[in-house]
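Reading the sequence shown from the start, the letters are residues -19 to -1, 1 to 284 in mature numbering (1 follows the signal peptide of the UniProt record, and there is no 0). Virtual Cβ for every residue (Gly too), placed ideally from N, Cα, C. First up is the structure itself, then whatever we jot down about it.
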Amino acid sequence: MNQKTFAFGLLLSFLGVKAQTAHPVLAIFPPETRMFQNVAYAGDTLKKHQLDIYLPAKTGPSTPLVVWVHGGAWMLNDKYADMGYMKNTIRAILEKGYAFASIDYRYSTTAPFPAQIQDCNQALTFLYRNAEKYNYDKNRIALIGFSAGGHLASLLALSNNNPVPDFYADRKPAPFRIKTVIDFYGPADLLAMIPRTGSLSDSIRDPESHLLGATPLHRPDLAKIASPVTYIDKNDPQFLIIHGQKDESVPPAQSILLSSWLTLAKVKNRVIIVPNAPHYGSMFDSDYNRKAIFEWLETYLQR
């Protein structure tokens, strides 16, 4: 990632989240939404082991669930992040009758990989096992992730049918299956994130290096294990991939690469490159993208 651009973006994102928590993000949701906040999913009291559940006015055993995985370089933000600039999409998710959940996970600065994917798997396992309690369909789950959250959503879904014991806190395969993924500008191949210009010695400060505890250049084995593309096969869920044309933090080539590998494995996917869009922001909450998102969910999650 371009470090200066990424750092500036993270600062803006961080400030945005602080503003959201001062002016509750709950205002985004339709007034009839039923909310369950700060639900512990891992049997402990860690704040980063909590999730929120938002239910539409009417739910039932066939109500699909959309799970939100926030971004922030694996080291910033929380389960409210990215919602501020995607408010129209979030509101529409509830208005169209989907259940919605947003999960937190531990930062790479306090718990190196694979802690983050372990947390995501624990959160999804909790949501799967508590579907009857909250009244949604445990067999119709979609993931939507942003940047680092896009990476984690992709990694979770693609490794789901190729279980890696280290990706699970109890080292047991997950009971759930993911129906489809919507990936917003997530890194797909960490080895392809290695800088091509400038000093390679600076890469230890990159978010990927914090995640792995070493640079991808010096620990390609870890980079491969943490890369979603490693686990692609013909049995994977369908992917809608959305990326900004002018993203200077995660190159659009990452999404093209993910799409190419999925296509080679004969996994249905679609890539949308948003003209002139940066790494994140309200350009992704457009009518065009929203139409694509709900057509995708209706096709691959509702059935």
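Closest by C-alpha distance to residue i, when choosing among the options
i	options	result
E279	D59, M264, K160 and G130	K160
A204	I223, T44 and A169	A169
D164	T14, Y22, Y35 and W277	W277
F107	S263, S240, D33 and L7	D33
Q31	D85, P37 and A80	D85
D147	N102, Y22, A138 and N111	N102
F220	L238, T70 and P232	L238
Q97	L75, I74, A150 and M64	A150
A73	T14, S240, K114 and Y115	T14
A62	G262, Y115, D214 and K215	G262
Neighbour-count burial assignment, residue i, 16 or more Cβ in a 10 Å radius
i	result
Q99	buried
T90	exposed
Y269	exposed
T211	buried
A207	buried
R87	buried
I274	buried
G24	exposed
A8	exposed
A21	exposed
M67	buried
Q235	buried
Same chain, Cβ closer than 6 angstroms to residue i, five either side skipped, listed in chain order
i	result
residue 286	This structure gives no information on residue 286, because the portion of the chain shown stretches from -19 to 284.
L105	F157
R121	P45, K160 and L282
K119	Y109 and A112
L192	W55, S89 and F94
D217	L139 and V248
Nearest-angstrom Cα separation, counted from residue j out to residue i
i	j	result
R251	G41	30 angstroms
S128	G53	7 angstroms
H224	M56	21 angstroms
Y117	L198	43 angstroms
First through last residue of the alpha helix (DSSP H) which encompasses residue i
i	result
F157	First-last for F157: undefined, no H or E at that position.
residue 288	This structure cannot settle anything about residue 288, because the visible part of the chain is limited to -19 through 284.
R271	D268 to Y281
D202	P201 to I206
N102	A96 to R110
L27	From DSSP, L27 is part of no alpha helix (DSSP H); its letter is neither H nor E.
Same chain, Cβ closer than 8 angstroms to residue i, five either side skipped, listed in chain order
i	result
K60	Q31, L32, D33, W49, H51, S83, I84 and D85
M264	G225, V255, N257 and A258
D228	Y166, A258, P259 and H260
Bounding residues of the beta strand (DSSP E) (the contiguous stretch that carries residue i)
i	result
G262	It is not in any beta strand (DSSP E) - G262 carries neither H nor E in the DSSP assignment.
A80	A80 to I84
A21	R15 to A21
L7	Neither: L7 is in no beta strand (DSSP E) and is coded neither H nor E.
Close Cβ partners of residue i (< 7 angstroms) along its chain, the five nearest in sequence each way excluded
i	result
R200	L193
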